[in-house]
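Residue numbers (the UniProt record's numbering): 1 to 257.
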């Protein structure tokens, strides 16, 4: 379980994440536009950056986790950049107990066996994302944190990647700003993040089938959130702007203009 208690994250004098309280004991989606704080929150949960408040992973403060294969992530900060892909796999086999053959098999299915002799910094952006996704998924960890796992990944490979994300790990957070990718995870609880504030949860299927209207709505509202000082509501029906037509959550900043 991931338990966030009054978590705030600061950058300079600014507060990027604002008093987040949430408990996660399954796989969930975290959706938000670029710059909303999604990756920052994931870095804190992974123990990569400092935070105020408490982040507990299976009852332990995340910074106190030492050599425990409870949690894995695809965040680039977690990987050594000066090694070949083969060497990185070997290192993680030794220290994390990942299944080397599983990793290589997954890369092979993605058509990426040829990258094994390359160094991490020599990979294309899409190759790097897939490699980090595969390492996180094949780690054997119970909790998997995935930051934009589909970004710059070819459309033909996204379906297989989504199937793996559903298969591996018991709990975790899947961060994305691409609304069309939510179609692969319609049964998951979904949280929205805007300007460092968390809203939800809402079932992904309900989110996809909803519309967005300006203001607070009573009775028919699934969720109310605030963007750039304006309140918006997710409602059932076809009134307003359909979520499924937005493509990316970055477009939410144009609502009400």
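Idealized CB from N, CA, C, for every residue including glycine.
Quick one: residues in its chain with C-beta nearer than 8 Å to the C-beta of residue i, no 5 flanking neighbours on either side, listed in chain order?
i, result
"residue 201", "28, 189, 190, 191"
Please report the straight-line C-alpha distance between residue i and residue j, rounded to a whole angstrom.
i, j, result
"residue 6", "residue 206", "28 Å"
"residue 95", "residue 89", "10 Å"
"residue 310", "residue 101", "Lying outside 1 to 257, the shown extent of the chain, residue 310 is not represented and no answer is given."
"residue 261", "residue 26", "The shown model of the chain, from 1 to 257, leaves out residue 261, and the question about it has no answer."
"residue 245", "residue 235", "15 Å"
"residue 63", "residue 44", "9 Å"
"residue 225", "residue 218", "13 Å"
"residue 233", "residue 40", "25 Å"
"residue 237", "residue 216", "16 Å"
"residue 187", "residue 208", "11 Å"
Whose C-beta lies closer than 7 Å to the C-beta of residue i among residues of the same chain, with five residues either side of it excluded?
i, result
"residue 123", "115, 131"
"residue 198", "20, 22, 191"
"residue 249", "31, 32, 33, 177, 179"
Residue i and residue j: beta carbons closer than 9 Å?
i, j, result
"residue 105", "residue 157", "no"
"residue 144", "residue 65", "no"
"residue 221", "residue 242", "no"
"residue 258", "residue 109", "This structure cannot speak to residue 258, because the chain is shown only from 1 to 257."
"residue 2", "residue 173", "yes"
"residue 38", "residue 175", "yes"
"residue 136", "residue 73", "yes"
Out of the options, which has the shortest C-alpha to C-alpha gap to residue i?
i, options, result
"residue 203", "183, 177, 149", "183"
"residue 98", "142, 127, 117, 128", "142"
"residue 78", "139, 18, 26, 37", "139"
"residue 154", "209, 47, 43, 126", "126"
"residue 18", "51, 129, 109, 231", "51"
"residue 227", "38, 48, 133, 193", "193"
"residue 76", "219, 146, 113", "146"
"residue 168", "134, 186, 59, 181", "134"
"residue 24", "148, 57, 87", "57"
Less than 8 Å separating the Cβ of residue i from some heavy atom of the ligand COA?
i, result
"residue 54", "Inclusion of the ligand COA in the displayed structure is not the case, the ligand content being empty and no account of it being possible."
By Cβ distance below 6 Å, which residues in the same chain neighbour residue i in space, the five residues on each side in sequence not counted?
i, result
"residue 93", "100"
"residue 48", "77"
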